[in-house]
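Note sheet for the following structure.
Residue numbers (the working numbering), protein chains in the order written: chain Z, 1 to 383; chain B, 1001 to 1059.
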């Protein structure tokens, strides 16, 4: 008997493997390292008071007179959800009397070219749904904010941590924005921000619960002060932002895939698990050979990045130990008749998104001869 | 916090190829001439705030 009607949508869906069914599409999570599994910079930093990237990759904290914090990759996770790590922020010096400009913001910054499918600024703009697991001793109202950097527009929503010291899953949906297109380039276009501290500059108005031009006083109204006690902490993991009005299951990526996504923004020549720092063993870094001397005082090394960088990165050099030469900050070691510390920190030649030319100064080089060297480097192309 | 910023020069071509930033904590970083690099953007803001970049071009 011939079919009189074909349900094409279901026919197609039924033929897809389980991991490709609707609302379970690969790379639907706009955010990178939402399960906090990658931590190239090290797993814990104490005494944090200034903005930057600490512990888990791609997650930036912003501070202004909001106490002092320890930020770490933590093994405390919600039970039975498949997560192995969370990011923990612990207050070590409190600020119970906030300044007007006090702020503590947990953010992921995003490139505009990865968000064009959201059709922001058009009549077809997609809604966005954020979902995440959170745990804190400090109950009360918290603010999650979407921030269109290109057009200075934002949208804030509040959520409540109901029970102290208990993992809770939060889901918030934001309507699409029909105003303000995102630049189609590699620059910072869009931020997702969790507020943890907000002084009156950011909280004295009425919460901005739809897309509007930024008004500072309306960004984080009602936010509790997570910095008001050294007993305070917050853990977060399973962070996902996706197009649409429903939250799908968290999208777990293989470790190597997640690591490569992070390395678009930051990588080092240290083996994974060792944070770039002065005084690490030479066994932890890439060992370079085949440097050719072009003058008697210098050789050149071409270092290829593991992943194409978002932009030409900033380079930081570190010394290494174990080779017998000096260990002055930022200086590498090279071998002629023995290991010798370079007379100054390494400097850069041609910089590209795929490689960097590094000048290894020294003495006693024979022009055209090959040499070996060792040292640490970190390449930062974060947003 | 940025302590000093110095122009860097390619040893082969003697052309300015970036900036060397020294932070208050002693860490030194090398910033390329790339407007999409956020440290380059910070250098421009530091200059716009009235600070002076050290410039010792090679002879």
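For each residue, glycine too, the CB sits at the ideal point set by N, CA and C.
Fair warning: this is a prediction, and the values are worked out from it, not measured in the lab.
Residues that DSSP places opposite residue i in a beta bridge
i: residue 123 of chain Z; result: DSSP output for residue 123 of chain Z lists no bridge partner at all.
i: residue 109 of chain Z; result: Z:191
i: residue 130 of chain Z; result: Z:172, Z:241
i: residue 349 of chain Z; result: Residue 349 of chain Z is not bridged to any residue.
i: residue 62 of chain Z; result: Z:105
i: residue 208 of chain Z; result: Its beta-bridge partners do not exist; DSSP assigns none.
i: residue 283 of chain Z; result: For residue 283 of chain Z, which the question treats as bridged, DSSP gives no partner whatsoever.
i: residue 1019 of chain B; result: B:1007, B:1031
Cβ-based neighbour list, residue i, same chain, cut-off 8 angstroms, excluding 5 preceding and 5 following
i: residue 1059 of chain B; result: none
i: residue 165 of chain Z; result: 135, 136, 137
i: residue 281 of chain Z; result: 320, 321, 322
i: residue 249 of chain Z; result: 24
i: residue 140 of chain Z; result: 160, 161, 224
i: residue 366 of chain Z; result: 293, 296
Extent of the continuous alpha helix (DSSP H) run through residue i
i: residue 268 of chain Z; result: First-last for residue 268 of chain Z: 266-268, but that is the beta strand (DSSP E), not the alpha helix (DSSP H).
i: residue 69 of chain Z; result: Premise fails: residue 69 of chain Z lies in the beta strand (DSSP E), 68-74, not in any alpha helix (DSSP H).
i: residue 255 of chain Z; result: 255-263
i: residue 1045 of chain B; result: 1038-1048
i: residue 202 of chain Z; result: 200-203
For residue i, the first and last residue of its enclosing beta strand (DSSP E)
i: residue 56 of chain Z; result: That residue, residue 56 of chain Z, is in no beta strand (DSSP E); it is neither H nor E in DSSP.
i: residue 43 of chain Z; result: Premise fails: residue 43 of chain Z is in no beta strand (DSSP E) and is neither H nor E.
i: residue 299 of chain Z; result: 298-304
i: residue 153 of chain Z; result: 153-161
i: residue 85 of chain Z; result: Note, residue 85 of chain Z: premise wrong, no beta strand (DSSP E); not H, not E.
i: residue 317 of chain Z; result: 314-318
i: residue 341 of chain Z; result: 339-341
i: residue 1032 of chain B; result: 1028-1032
i: residue 333 of chain Z; result: 333-335
Sequence-distant residues of the same chain with beta carbon closer than 7 angstroms to residue i, five excluded per side
i: residue 305 of chain Z; result: 267, 354, 355, 379
i: residue 271 of chain Z; result: 284
i: residue 90 of chain Z; result: 69, 70, 233
i: residue 307 of chain Z; result: 260, 263, 264, 267
i: residue 245 of chain Z; result: 127, 129, 173
i: residue 1046 of chain B; result: 1002, 1005
i: residue 255 of chain Z; result: 37
Among the options, the one whose alpha carbon lies nearest that of residue i
i: residue 98 of chain Z; options: Z:63, Z:45, Z:199; result: Z:199
i: residue 49 of chain Z; options: Z:92, Z:80, Z:242, Z:75; result: Z:92
i: residue 110 of chain Z; options: Z:146, Z:121, Z:363; result: Z:146
i: residue 64 of chain Z; options: Z:30, Z:104, Z:28; result: Z:104
i: residue 183 of chain Z; options: Z:220, Z:131, Z:228, Z:117; result: Z:117
i: residue 192 of chain Z; options: Z:351, Z:173, Z:178; result: Z:173
i: residue 278 of chain Z; options: Z:301, Z:316, Z:256, Z:294; result: Z:316
i: residue 235 of chain Z; options: Z:288, Z:220, Z:167; result: Z:167
i: residue 269 of chain Z; options: Z:203, Z:303, Z:142; result: Z:303
i: residue 375 of chain Z; options: Z:288, Z:188, Z:186, Z:122; result: Z:288
i: residue 1008 of chain B; options: Z:381, Z:352, Z:56, Z:347; result: Z:347
i: residue 153 of chain Z; options: Z:328, Z:219, Z:46, Z:300; result: Z:219
i: residue 189 of chain Z; options: Z:228, Z:57, Z:112; result: Z:112
i: residue 318 of chain Z; options: Z:237, Z:83, Z:345, Z:383; result: Z:345
i: residue 369 of chain Z; options: Z:357, Z:325, Z:291, Z:338; result: Z:291
Same chain, Cβ closer than 6 angstroms to residue i, neighbours up to 5 away in sequence not counted
i: residue 85 of chain Z; result: 36, 37, 73
i: residue 247 of chain Z; result: 129, 131, 171
i: residue 364 of chain Z; result: 336
i: residue 194 of chain Z; result: 106, 144
i: residue 298 of chain Z; result: 359, 361
i: residue 372 of chain Z; result: 289, 335
i: residue 1055 of chain B; result: 1007
i: residue 1050 of chain B; result: none
i: residue 157 of chain Z; result: 144, 172
i: residue 201 of chain Z; result: 100, 101, 216
i: residue 175 of chain Z; result: 127
The ligand NAD heavy atom lying under 7 angstroms from the CB of residue i
i: residue 1059 of chain B; result: Absence of the ligand NAD from the depicted structure is noted, as is the absence of any ligand whatsoever, leaving it without description.
*Pull out every residue of the segment 1032-1045 of chain B whose Cβ sits closer than 9 angstroms to any Cβ of chain Z, in chain order.*
1032, 1033, 1034, 1035, 1036, 1037, 1038, 1039, 1040
*Return the residues of the segment 321-352 of chain Z that lie within a Cβ-Cβ distance of less than 8 angstroms from chain B, sorted by chain order.*
329, 330, 345, 347, 348, 349, 350, 351
*Report the residues of the segment 1020-1031 of chain B with a CB closer than 9 angstroms to any CB of chain Z, ordered along the chain.*
1020, 1021, 1026, 1027, 1028, 1029, 1030, 1031
_Any C-beta of chain Z within less than 8 angstroms: which residues of the segment 1003-1014 of chain B qualify?_
1008, 1010, 1011, 1012
*Taking only beta carbons into account, state which residues of the segment 207-235 of chain Z come closer than 7 angstroms to chain B, listed in chain order.*
none
*Could you name the residues of the segment 269-283 of chain Z whose beta carbon sits closer than 8 angstroms to any beta carbon of chain B, in the order they occur along the chain?*
none
_chain B contacts from the segment 168-190 of chain Z (Cβ-Cβ distance under 9 angstroms)_ = 185, 186, 187, 188
*Using Cβ-Cβ distances below 8 angstroms, what residues of the segment 372-383 of chain Z are close to chain B?*
380, 381, 382, 383
*Could you run through the segment 352-366 of chain Z and flag, in chain order, every residue whose CB is less than 7 angstroms away from some CB of chain B?*
359
*Interfacial residues, the segment 307-320 of chain Z to chain B, with Cβ spacing under 8 angstroms*: 310, 311, 312, 313, 314, 315, 316, 317
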